[in-house]
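Q: The number in the working numbering is simply the position in the sequence shown, starting from 1, with 148 added.
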Amino acid sequence: MITQRFQLYIERTDRAKNMARFYALSIEPNLFGEACLTRRWGRIGTSGQILIHHFEREKDAVVLFLELLRQKRSRGYGTVLKDKPLNG
149 MITQRFQLYI ERTDRAKNMA RFYALSIEPN LFGEACLTRR WGRIGTSGQI
199 LIHHFEREKD AVVLFLELLR QKRSRGYGTV LKDKPLNG
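1. Give a yes or no on whether the C-beta atoms belonging to A183 and E206 are separated by under 8 Å.
2. Taking 8 Å as the threshold, find out whether the segment 212-222 comes into contact with the segment 162-178 through three or more Cβ pairs.
3. R187 by DSSP, collapsed to three states: which one?
4. Measuring CB to CB, does R153 end up less than 8 Å from R169?
5. Assign L179 to buried or exposed, taking buried as 16 or more other Cβ atoms, counted over all protein chains shown, within 10 Å of its Cβ.
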């Protein structure tokens, strides 16, 4: 059983190299209550590729989640801050 859902979306862009990539991670339960770590990645603006890992224990999914986040941060991926209009 999942006690808390985890979600992350990060991007890496470099105009000089024509690079615009995204990487998304989430931990959610499947229909049987197992923890599933879903990884999505690809070029920004595309649906990208998907890989799903199934775990019996939520802790194992969180460990992989944090390891993947560490790897992506070391390669230059970062969170995206989008400006929101104050009045609509």
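Here a beta-carbon is modelled for each residue, glycine too, at the ideal position from N, C-alpha and C.
A: Once the coordinates are examined:
1. Indexing the sequence shown from 1 puts residue 183 at position 35. Indexing the sequence shown from 1 puts residue 206 at position 58. Their beta carbons are under 8 Å apart, which means A183 touches E206 by this criterion.
2. Contact check between the segment 212-222 and the segment 162-178: three or more CB pairs, one atom from each, fall below 8 Å, which counts as touching.
3. For the purposes of this step, residue 187 is taken as residue 39 along the sequence shown, with counting starting at 1. Here R187 sits in strand by DSSP.
4. Within the sequence shown, numbered from 1, the residue matching residue 153 stands at position 5. Within the sequence shown, numbered from 1, the residue matching residue 169 stands at position 21. Contact: no.
5. Stepping through the sequence shown from its first residue, residue 179 is reached at position 31. So L179 ends up on the exposed side.
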